[in-house]
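Those sequence lines, one after another, are chains A and B.
End of the first sequence sits at 382 in the numbering used here; the numbers just go up one at a time, nothing left out.
End of the second sequence sits at 827 in the numbering used here; the numbers just go up one at a time, nothing left out.
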Amino acid sequence: MRACSLLSAAVFLAAPVLPAPAAEPIFHEALETTTPTGPNVTLQAPSAIGEGRFGSAALLEARTLNHFSNAALHTAAPESWILMGGALLREGQLVLQKGSLARQVVDGLTPGGLYCFSLVAASTDGRPARFTLDWDGADADNTEEFEVTSKEPVRFWVSGKAMGGSATATVRGVSGSASITQPQFEAGGTHPSSFIEKGPRGVSGLTWKPGEGEFNLTQGSASFWVKPLWAGGTFSSAKTLFAAANDPETDWKEARSAVILNAWLLDPSRRDWGYALVLRITDRNRKSEVLSAPIHDLTPEWHHVAITWNFSDPENGRAAIYLDGAVVTQADRVACEGLEDANSVAFGQGQGGYLGGWLDEARTYKTELGAEEIQQLSRGEE
Amino acid sequence: MKLKLALAIASLFLQPAWATEAPVEPSAPPLALFGPEAVEPVRIVVAPGGFETPKAAAQELQRLVKAATGKEWPIEKAPAPDGVNVFVGPHPEAEAAGLRAGELPPEGYRLARRGRSVFIVGHDTKGDPWDLHWMRSCQTGTLFGVVEFARHFFHARWVLPGADGEVLRAPVETTLPEGWEVSGAPGFRSRKILHDTQVPEIARYLRFNRLGWSQVSCFWHNWYQTISPEEYSKEHPEWFALVRGVRATHLRNKSYDGQLCTSNPEVARKMADIAVEHYRENPGQTMFSISENDGGNHCQCAACRALDKEEWVPGLPSLSDRFAHFANAVRREIGERAPGLRLGYYAYHQGELPPVETRLEPGTVVSDVCNGYDVHYHFPKQREGRLAMMKGWRQTGAEVYMTTYFHGMAWWSLPMFSPEALAELIQTAAQHPSSSGFSLGLTDEGFGVSGNEFFLAAELLWNPKASVANVLADYYQSGFGPAAEPVSEYFELIRRSFAQAAKQLPPSADEKRPDTWVLATYEPIRQKADRQISAAREAAASSGDGALQRRVARVAEGWEWTKLQCDVMRAVAAYRAAPSKETAQAVLPLLVRRETMLQKHARPGNYVISVVDISATDKGRAFPVQRAEYEQALSGEIKTVRIPLEPKGHKPALLTMVENRQGGKPRHASRVALSVLRDRLEFAFELEEPTPERLLTSAQEQDGPVWKDDVVEIFLKPSRRASTCYQLLVNPAGVLADLRHEGQKADLSWNSGAKVSAQRGANGWRVKVSLPFASLGLESPPMPGDIWGLNVTRSRRVEGSEDSAWSPTFGLFLRPERFGELIFTKP
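This is the structure we're talking about:
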């Protein structure tokens with residue numbers, strides 16, 4: 001699917017009551033506002049605070065750049081957009097009729113990199129309107145035709161791999177009259193992130209610095225709700241959901257005592273870790289245990305994600321990934337020398353990856369929760 | 001097993017194990033066919049009329065006898081009372097002797113001697129015996145009988161396509177005892193090893209290695225061709241998979257995704273109608289594929305989900321029951337409308353597990369898929385799982401056909417010699433009577449790296465009970481004679497090292513992660529393998545046998561290629577660990593060497609490595625070997641020039657050239673002023689040259705060899721995605737050569753209509769080119785926002801040679817991926 005409703009985010013559901021599980025979390029952030037509730041907690045540059053799974057949630061995204069100039073469609077800067085065939089730029093909107101087009105040359109692209117051209121469209125007069133999107137300069141024709149049938153704004157996008165350093169993104173009117181806003185041309189994947197009017201967007205994430213001895217990583221659990229806007233897409237770098245580490249600055253290949261949960265979406269045809277949730281737990285001797293679970297069927301809706309691990313017994317370590325209350329992959333009888341204390345716990349950020357989606361009800365536990373407890377967390381709405 | 005012992009044992013097995021020899025009557029006198037005692041004349045007798053195969057088989061017999069003995073046996077239509085009659089194919093005399101083709105198993109043959117008659121009779125069908133088209137290919141039992149005859153008397157072996165690959169000896173036996181009989185039939189009804197069968201000598205090679213089939217097999221991904229979303233989704237969106245709440249009404253890359261909602265009875269009905277109609281139009285296509293599209297993303301609707309009975313991997317359902325349910329539904333819908341038509345589909349990815357509840361109805365054939373078994377073999381859990389799946393499918397009662405890209409889908413054509421794994425796959429399938437065939441992908445035409453595997457696979461597909469050690473010993477001895485031992489030792493080194501490397505891999509690593517095993521396999525044996533290759537070359541050189549030397553050279557070049565891959569991989573890994581101009585510079589010469597090697601081995605009949613496989617792998621995700629990335633690191637940003645489309649003209653844009661090999665400053669400057677007018681482009685070259693009187697200008701006529709002169713060139717690619725590229729060359733005499741390129745094809749007959757002038761001055765020369773848009777195949781002049789590929793270059797011939805370019809290509813100029821960008825902007 002290449003369209004999503006913007007209005008759906010504005011429909012506020014009655015917040016269900018979340019029953020407390022048996023174990024108490026050592027960290028819990030409900031993400032109701034931009035100000036975190038706990039000590040030593042930072043909520044860095046969320047793209048938005050909006051409707052959550054329970055109350056509000058934060059939209060956490062990667063650093064990225066909108067390659068379009070005059071993306072806000074200021075009529076005062078018409079030189080950035082090439083308008084032909086009767087296309088108009090007025091009141092912060094591009095208005096397209098049949099046979100008209102608007103285009104802009106974007107540059108600074110990396111050959112071979114994945115790019116996504118997106119915009120928000122609505123019918124100008126409430127009657128159906130059709131238009132095409134494409135960006136020339138991709139390694140394959142990415143032209144797609146779309147339709148809007150009402151004044152409700154909907155985001156549409158096309159993607160591809162850049163052949164050179166420049167590309168021309170074009171939207172053409174096919175029939176009816178369409179109003180276009182929020183054009184965005186961004187790197188990294190096949191799906192768009194939220195709109196950036198100008199300049200690069202900063203890095204966002206939720207981080208907690210545990211005190212000395214507060215959280216030993218030999219065993220623990222993490223639980224959170226995530227709405228992955230990238231579900232079904234292809235991205236060149238990992239989406240980091242959770243990262244706890246003794247030394248968060250060290251690359252994962254060299255890290256000691258780290259627990260990292262990433263989503264990799266390199267290619268949907270892959271059935272291995274390249275399109276999966278991947279949990280990597282590295283012990284104090286840099287020995288890693290890696291679990292992965294395919295995510296081909298993951299939807300861009302709210303999902304409960306949990307991980308549990310316990311390496312207290314050096315000969316019989318355990319780890320598991322849960323999705324929506326069910327275990328999707330697990331390992332046991334893992335030989336492991338144990339982990340050191342965490343100096344950083346992060347949700348939606350860590351080791352170079354970022355979430356790119358909505359995060360809600362982030363919790364960390366000092367102990368390995370059982371399946372019942374995870375199910376209880378995942379049934380929050382009941 | 002030590003080679004010498006193996007070779008000794010092999011010599012005891014001149015009679016193939018899968019051919020059965022009848023007991024002879026000791027009292028009858030032997031019939032001498034060859035040697036000084038040979039009865040003469042010997043004639044080949046082929047009955048007039050009939051199929052093509054006996055005639056072709058007779059010609060091959062005549063050719064092989066002449067090659068092995070120097071004798072030419074004439075081919076006659078009727079026997080004669082004197083000498084020996086060798087009957088090839090069905091004949092009343094053969095029938096009278098009890099050799100009836102119709103009684104032989106499919107593709108089988110029977111050879112016999114009765115008095116002074118020798119019979120070679122096989123089960124043939126109508127068609128061209130050298131045509132291995134999946135649908136048209138006929139049965140060639142009589143040809144296989146001739147192959148058996150040549151193997152018996154001349155120890156004939158075919159170790160690679162073409163003349164170099166046919167190995168014959170002088171007759172190893174000269175007589176036939178009375179009552180002598182040999183019969184044979186294939187172990188699998190269908191035996192395919194993937195090659196380009198359109199190449200005649202490859203088709204011959206395959207036939208001589210007894211590959212073929214007696215039934216049509218057809219399993220390919222097909223939904224996108226039969227019920228495509230492009231054709232049907234508007235009217236019937238409900239026919240297509242419900243994925244994440246939306247019907248899959250688009251194909252990805254023209255054939256991926258766009259799956260069907262197979263629980264919908266209308267879909268089964270439509271598929272059945274299409275199958276019946278197709279069969280009526282193509283009665284030779286006795287199998288119709290109903291395989292899913294590639295790419296996954298199958299239907300998640302409740303009705304489809306209800307048919308899934310177990311998980312494939314945690315989190316993803318096995319779709320085998322729903323696919324079997326769909327096949328049965330299509331089968332029922334076909335009913336009696338297409339007698340003789342079978343259905344086929346891949347048991348693949350999410351459909352690879354045997355179905356839990358649903359049993360396939362007769363008339364449907366499943367092809368299980370086992371790719372990359374060379375790696376799986378070394379992981380007990382994966383190996384066990386693969387074998388269990390094979391056995392599981394074959395125990396369902398369904399007819400099962402194995403499709404395998406043994407070394408993974410496409411690969412860099414390296415010698416990944418894994419005979420045990422290959423044999424296990426074929427021999428496990430052979431244990432089950434429901435196994436009907438094999439489609440085996442190795443490294444197409446890569447005989448320098450995998451010739452031994454081709455030979456082994458062909459032998460095992462004919463006779464699954466053959467001894468692997470004996471077959472390999474036979475291959476080395478037949479193919480490499482005095483060089484057999486070092487060649488065998490070389491491959492044995494690789495076999496052991498690959499097995500050792502594979503065992504050290506983490507279980508998740510496979511053919512998609514070459515960095516995990518390529519270096520680990522080949523680097524430790526580099527010196528030892530070099531020694532074996534040298535020894536093989538020396539042994540071949542001293543034999544004086546040109547064909548043997550060329551066969552050994554193919555293996556040696558395969559090893560050179562392998563070492564180069566290791567060098568490339570190390571350099572690329574170093575670049576990725578620390579990207580810099582220095583590490584990029586280290587990669588580039590290796591990639592240039594690699595390209596040169598690929599060009600050499602892409603020539604038809606080379607048979608060293610599989611350039612097709614390598615190209616597919618290079619484009620895939622395995623390892624970055626495209627020069628552009630490293631060249632980009634060397635040259636910095638991509639060159640661009642922005643030119644406004646001013647109706648009244650504009651100030652020309654100035655393009656300055658750099659030295660083309662390194663991207664640095666050239667010895668003598670070259671600049672180009674570029675203007676865009678309403679209907680044309682104008683280029684004005686300013687070229688510094690200290691001795692303009694020495695400029696080379698041999699070409700005097702348009703489209704002459706201007707490229708040999710001092711020359712400036714313009715490259716234009718109006719559509720960066722299309723394959724069309726235009727090239728204009730001008731020498732100091734103002735002579736123009738203009739070409740249009742379509743991919744690799746150059747068309748010198750294209751006329752640019754450009755106006756050209758050239759002028760020499762005291763310190764250099766100048767060229768002006770006015771190029772009309774009209775000649776560039778454009779529907780309209782460029783519009784604002786259009787981006788063209790552009791390069792301008794210069795080749796100096798004075799004082800040696802120096803190439804310079806606006807956007808350095810680091811080699812040949814005709815490299816569109818290295819062109820700069822001409823961006824047309826608003827006025």
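Beta carbons are placed, not taken as given, at the ideal position from N, Cα and C, and that holds for glycine.
Values in this document were obtained by computation on a predicted structure and should not be read as measured data.
Cross-strand partners of residue i (DSSP beta bridge)
i                         : result
asparagine 216 of chain A : A:Asp341
glutamine 759 of chain B  : B:Arg766
serine 190 of chain B     : B:Trp213 and B:Gly437
threonine 84 of chain A   : The amino acid at residue 84 of chain A is misidentified as threonine; the sequence shows methionine. Answer is A:Leu101.
aspartate 124 of chain B  : B:Thr140
tryptophan 225 of chain A : A:His304 and A:Asp360
glutamine 330 of chain A  : A:Ala320
asparagine 262 of chain A : A:Thr240 and A:Val278
Neighbourhood of residue i by C-beta, 6 Å cutoff - its chain only, sequence neighbours within 5 removed
i                       : result
threonine 42 of chain A : Thr207
alanine 329 of chain B  : Ala268
serine 795 of chain B   : Val711 and Asp803
tyrosine 279 of chain B : Ala338 and Leu341
valine 611 of chain B   : Leu598, His601 and Ala602
Close Cβ partners of residue i (< 7 Å) along its chain, the five nearest in sequence each way excluded
i                        : result
leucine 89 of chain A    : Leu73, Thr75, Pro78, Trp81 and Leu83
glutamine 300 of chain B : Leu242 and Val243
Cβ shell of residue i (< 8 Å), same chain only, five flanking positions each side left out
i                     : result
serine 312 of chain A : Thr218, Gln219 and Gly338
lysine 198 of chain A : Asn66, Ala71 and Ala72
Which of helix, strand or coil DSSP assigns to residue i
i                         : result
proline 579 of chain B    : coil
isoleucine 385 of chain B : Inspection of the sequence shows that residue 385 of chain B is occupied by glycine rather than by isoleucine. Glycine 385 of chain B falls in the helix class under three-state DSSP.
glycine 461 of chain A    : In the structure as shown, chain A begins at 1 and stops at 382. Residue 461 of chain A is therefore absent and cannot be evaluated.
serine 670 of chain B     : strand
leucine 590 of chain B    : helix
isoleucine 202 of chain B : helix
glutamate 144 of chain A  : strand
methionine 117 of chain B : For clarity, residue 117 of chain B is serine in the given sequence; the question names methionine instead. Serine 117 of chain B falls in the strand class under three-state DSSP.
lysine 366 of chain A     : coil
alanine 14 of chain A     : For alanine 14 of chain A, the predicted structure reports a pLDDT of 38, less than 50, and the residue's modelled location is therefore unreliable. A value from the coordinates is still provided. The answer is coil: DSSP assigns alanine 14 of chain A none of H, G, I, E or B.
aspartate 134 of chain A  : strand
isoleucine 407 of chain A : This structure cannot speak to residue 407 of chain A, because chain A is shown only from 1 to 382.
arginine 252 of chain B   : strand
Buried or exposed by the 16-neighbour rule on C-beta atoms within 10 Å, applied to residue i
i                         : result
proline 268 of chain A    : buried
valine 356 of chain B     : exposed
glycine 122 of chain B    : buried
glutamate 60 of chain B   : buried
glutamine 225 of chain B  : exposed
leucine 748 of chain B    : exposed
lysine 717 of chain B     : buried
proline 265 of chain B    : exposed
glutamine 702 of chain B  : exposed
methionine 569 of chain B : buried
Using 8 Å as the threshold, is the region 390-404 of chain B in touch with the region 359-377 of chain B, meaning 3 or more CB pairs across them?
-> yes
The region 305-323 of chain A / the region 231-239 of chain A touching (three or more Cβ pairs under 8 Å) = no
Should the region 55-63 of chain A be called in touch with the region 192-208 of chain A, which here means at least 3 C-beta pairs below 8 Å?
-> yes
Given 8 Å as the limit, is there contact between the region 134-146 of chain A and the region 106-119 of chain A, that is, 3 or more CB pairs closer than that?
-> yes
Any chance the region 179-188 of chain B sits against the region 216-235 of chain B, with 3 or more Cβ pairs inside 8 Å?
-> no
Could you tell me whether the region 32-49 of chain B touches the region 61-79 of chain B, where touching means 3 or more Cβ pairs closer than 8 Å?
-> yes
Please determine if the region 96-105 of chain A and the region 241-253 of chain A are in contact, where contact requires at least 3 C-beta pairs separated by less than 8 Å.
-> no
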